[in-house]
Amino acid sequence: YSTFPYNPRWKKEDVTYRILNYTPDMLQEDVEEAIAKAFQLWSSVTPLRFTRLYNGQADIMISFAAGFHGDFYSFDGPGGTLAHAYPPGNGIGGDAHFDEDENWTKFTTYNGYNLFLVAAHELGHSLGLGHSNVFGALMYPIYMARDTRNYRLTQDDIDGIQALYGSPRESPALPTKAYPPQEPTEMTPTEVPTEMSPREEPTEMTPSKTPIRPNDCDPDLTFDAITTLRGETLFFKGSYVWRKSPYFSEIEHDTISSFWPSLAAGFDAAYEVDKKDRVLFFKDNQYWAVSGYSIESGFPKLIQNLGFPPSVGKIDAAVHDQNTKTTYFFVGNKYWSFNENTQSMERGYPRKIAADFQGIGHTVDAALQKNGLFYFFHGSNQYEVDIKNKKLIRVMKSNSWFNC
Amino acid sequence: FPVVPENEKEDMQFAKKYLENFYDFKEEKSSLFKSRDLKHMTDKIREMQSFFGLEVTGELNRKTLDMMKQPRCGIPDVRS
Numbered sequence: 065y066s067t068f069p070y071n072p073r074w075k076k077e078d079v080t081y082r083i084l085n086y087t088p089d090m091l092q093e094d095v096e097e098a099i100a101k102a103f104q105l106w107s108s109v110t111p112l113r114f115t116r117l118y119n120g121q122a123d124i125m126i127s128f129a130a131g132f133h134g135d136f137y138s139f140d141g142p143g144g145t146l147a148h149a150y151p152p153g154n155g156i157g158g159d160a161h162f163d164e165d166e167n168w169t170k171f172t173t174y175n176g177y178n179l180f181l182v183a184a185h186e187l188g189h190s191l192g193l194g195h196s197n198v199f200g201a202l203m204y205p206i207y208m209a210r211d212t213r214n215y216r217l218t219q220d221d222i223d224g225i226q227a228l229y230g231s232p233r234e235s236p237a238l239p240t241k242a243y244p245p246q247e248p249t250e251m252t253p254t255e256v257p258t259e260m261s262p263r264e265e266p267t268e269m270t271p272s273k274t275p276i277r278p279n280d281c282d283p284d285l286t287f288d289a290i291t292t293l294r295g296e297t298l299f300f301k302g303s304y305v306w307r308k309s310p311y312f313s314e315i316e317h318d319t320i321s322s323f324w325p326s327l328a329a330g331f332d333a334a335y336e337v338d339k340k341d342r343v344l345f346f347k348d349n350q351y352w353a354v355s356g357y358s359i360e361s362g363f364p365k366l367i368q369n370l371g372f373p374p375s376v377g378k379i380d381a382a383v384h385d386q387n388t389k390t391t392y393f394f395v396g397n398k399y400w401s402f403n404e405n406t407q408s409m410e411r412g413y414p415r416k417i418a419a420d421f422q423g424i425g426h427t428v429d430a431a432l433q434k435n436g437l438f439y440f441f442h443g444s445n446q447y448e449v450d451i452k453n454k455k456l457i458r459v460m461k462s463n464s465w466f467n468c
Numbered sequence: 034f035p036v037v038p039e040n041e042k043e044d045m046q047f048a049k050k051y052l053e054n055f056y057d058f059k060e061e062k063s064s065l066f067k068s069r070d071l072k073h074m075t076d077k078i079r080e081m082q083s084f085f086g087l088e089v090t091g092e093l094n095r096k097t098l099d100m101m102k103q104p105r106c107g108i109p110d111v112r113s
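Protein chains in written order, with the numbering used here: chain A, 65 to 468; chain B, 34 to 113.
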């Protein structure tokens, strides 16, 4: 963790805050709840108490604004800088500003930035914390979407704020790091509505068990989806990504949320239309289009928008043939051919996969075109096919791309 | 992700702005000190790579640009 030069901090335990205006992206009550919960995170691990004021000058003034907004740090439009806040002090000291050009939300799965997560970070600055270089810490400078229902401060965040203010007076009724607290503790902001039920019904407090990433060379490794992206190849399974690039020798291990924070994990299919620098991701009956990191506006769309009949609820795999400009979609034992130029399904489909793809007599989990050949993944095997000459060339393990 | 070639010049501008905003980089205005400017920028790139645990090369490579393009907080990571 870090603090600001000369360690500015509030020289009192009762700190006031005021919400000066609201974003039109969210209900006012959702904005108030997100900010109250963000304060609660910090009050649950310090002696600080936060009181909301409705007029006059508060220590921490919270506002939404776009572009130039009266301080020396203008906002930059959508993306980039999301918000900033000032260290404790008089006047603008402690104030937190949120970029209205962002799309603010109370969710963490759709397009937009979760206000609770960003507010909790900015209020860390309002209390005197600087940035942390601990990946995953709340005070890490880069936004990372994560589940907010059971959000916990990392030890680095707690060490930082307690270096400034010490630990809570009495032992809190709850585990110090649980969030949201199951019932109001002494430290909750006094203005928070008495009914403390969190917006999402509290689920059983079982810690979420995220499945661990399988070993690269696990012979039983299977994939949900595979796509190229600007010369690289991305392999998806659950929330994990294996990234193979001609620019660096080792396989890079990432998560979907580290590239596209607002996309949910568990893709069914993915493919790149290289000439448009565009990758499409499919999950259930929806699909998204991205260019690099940015998700194109107007998504998700329903797959019926591509021409699938209502009877198709999801697709298994997709691959774009860069030579013919057509994309093959695989559903069960059938496949469709989609013309990227006319943006429509070609006539005479669906057809049986086995009729046109030599040696592929089963469903397809994922598909890839590389160096003119096609690779169809089924379970822990992949089938290399030369579709021009309708020839199955060889069968390999699905992870043969990982230099095992 | 790899940078689409024609973006390279833009990316250099973007990186300068990023380092000014978050790593206290100050570009020399007069062209006399271009080489010193470049060294100064390389040092700042190293500082940013070290903060984010990237390989410290001083080069404006893809991973470094990727990191710079992530949505983030507007407060500097280091302060003079």
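Glycine included, every Cβ here is placed at the ideal spot set by N, Cα and C.
Quick check: the Cα distance between residue i and residue j, rounded to an integer number of angstroms?
i	j	result
E93 of chain A	L71 of chain B	50 Å
F394 of chain A	E96 of chain A	46 Å
A237 of chain A	G188 of chain A	Here the model assigns A237 of chain A a pLDDT of 42, short of 50, so the residue's position is not dependable and the matter cannot be decided.
E88 of chain B	T67 of chain A	25 Å
K434 of chain A	D338 of chain A	12 Å
Y51 of chain B	M90 of chain A	30 Å
T391 of chain A	S401 of chain A	6 Å
K77 of chain B	I451 of chain A	50 Å
N175 of chain A	P364 of chain A	9 Å
N369 of chain A	S408 of chain A	9 Å
N178 of chain A	W168 of chain A	6 Å
W106 of chain A	I315 of chain A	38 Å
Y357 of chain A	L327 of chain A	11 Å
F85 of chain B	K398 of chain A	46 Å
E41 of chain B	Q121 of chain A	47 Å
L344 of chain A	E53 of chain B	35 Å
T87 of chain A	S464 of chain A	49 Å
H426 of chain A	Y204 of chain A	46 Å
R277 of chain A	V111 of chain B	34 Å
G200 of chain A	P374 of chain A	41 Å
D341 of chain A	P310 of chain A	17 Å
W74 of chain A	N154 of chain A	10 Å
Y372 of chain A	R105 of chain B	Rather than Tyr, the amino acid found at residue 372 of chain A in this sequence is Phe. Using only the alpha carbons, I get a separation of about 38 Å.
E296 of chain A	F171 of chain A	31 Å
G330 of chain A	S321 of chain A	11 Å
R411 of chain A	G194 of chain A	60 Å
P266 of chain A	F312 of chain A	Reliability fails at P266 of chain A, whose pLDDT of 31 lies under 50, so the model's placement of it is uncertain and the value that follows must be treated cautiously. Rounded to whole angstroms, P266 of chain A to F312 of chain A spans 44 Å at the Cα level.
G396 of chain A	K416 of chain A	9 Å
H317 of chain A	L117 of chain A	46 Å
E259 of chain A	E336 of chain A	For E259 of chain A, the predicted model reports a pLDDT of 31, less than 50, meaning its position is unreliable; a value from the coordinates is still stated below. In a straight line, the C-alpha of E259 of chain A is about 48 Å away from that of E336 of chain A.
N405 of chain A	V383 of chain A	15 Å
L437 of chain A	K308 of chain A	17 Å
Please work out which residues of its chain come closer than 7 Å, Cβ to Cβ, to residue i, disregarding the five sequence neighbours upstream and downstream, and give them in chain order.
i	result
L202 of chain A	A184, H185, G188, L217, T218, D221
G423 of chain A	Y447, V449, L456
S444 of chain A	P283, D284, L285, T286, K461, S462
D165 of chain A	A130, F139, G141, P142
A102 of chain A	F180, A183, A184, L187
D223 of chain A	Y65
Once the 5 residues before and after residue i are set aside, which same chain residues still bring their CB inside 6 Å of it?
i	result
D123 of chain A	V79, T80, G158
M269 of chain A	Per-residue confidence for M269 of chain A stands at a pLDDT of 31, beneath the threshold of 50, marking its modelled position as unreliable; no derived number is given.
F440 of chain A	I424, V428, A431, Y447
F162 of chain A	F128, A147
F346 of chain A	D332, A333, I379
V182 of chain A	L146, A147
What does DSSP give as the partner residues of residue i in its beta bridges?
i	result
H442 of chain A	A:N445
S309 of chain A	A:F312
W168 of chain A	A:Y177
L437 of chain A	A:K434
S361 of chain A	DSSP lists no partner for S361 of chain A.
A48 of chain A	The shown model of chain A, from 65 to 468, leaves out residue 48 of chain A, and the question about it has no answer.
E296 of chain A	A:L293
V337 of chain A	A:R342
V354 of chain A	A:V343, A:I359
R415 of chain A	A:Y399
A471 of chain A	Residue 471 of chain A is absent from the model: chain A starts at 65 and stops at 468.
M203 of chain A	BP columns for M203 of chain A are empty, so no partner.
Counting only the same chain and skipping the five closest in sequence on each side, list residues whose C-beta sits under 8 Å from that of residue i.
i	result
N71 of chain A	G192, L228
Legend entry - Continuous alpha helix (DSSP H) assignments of at least 4 residues falling wholly in the stretch 66-130 of chain A: 92-107
Legend entry - Near-chain B residues of the stretch 295-317 of chain A (beta-carbon distance less than 7 Å), N- to C-terminal order: G295, E296, Y311
Inset, instruction - Please list the residues of the stretch 376-396 of chain A that have a C-beta atom closer than 7 Å to any C-beta atom in chain B, keeping them in chain order. - result: none
Legend entry - Contacting positions in the stretch 84-112 of chain B - beta carbon closer than 9 Å to chain A: F84, F85, G86, N94, R95, K96, D99, M100, K102, Q103, P104, R105, C106, G107, I108, P109, D110, V111, R112
Legend entry - Proximal residues, the stretch 192-216 of chain A versus chain B, C-beta separation under 8 Å: G194, H195, N197, F199, P205, I206, Y207
Inset, instruction - Closer than 8 Å, Cβ to Cβ, to anything on chain B: give me those residues from the stretch 127-149 of chain A, in chain order. - result: With the criterion set as a beta carbon lying under 8 Å from some beta carbon of chain B, the members of the stretch 127-149 of chain A are Y137, F139, G143, G144, T145, L146, A147, H148, A149, in sequence order.
Inset, instruction - Could I get the ranges of all uninterrupted alpha helix (DSSP H) runs contained in the stretch 87-111 of chain B, with 4 residues as the minimum, in chain order? - result: 95-101
Inset, instruction - Pull out every residue of the stretch 419-440 of chain A whose Cβ sits closer than 9 Å to any Cβ of chain B, in chain order. - result: None of the residues of the stretch 419-440 of chain A has a beta carbon lying less than 9 Å from any beta carbon of chain B.
Legend entry - Chain-ordered residues of the stretch 347-361 of chain A with a beta carbon less than 8 Å from chain B: For the stretch 347-361 of chain A, the residues whose beta carbon sits under 8 Å from a beta carbon of chain B are, in order, G356, Y357.
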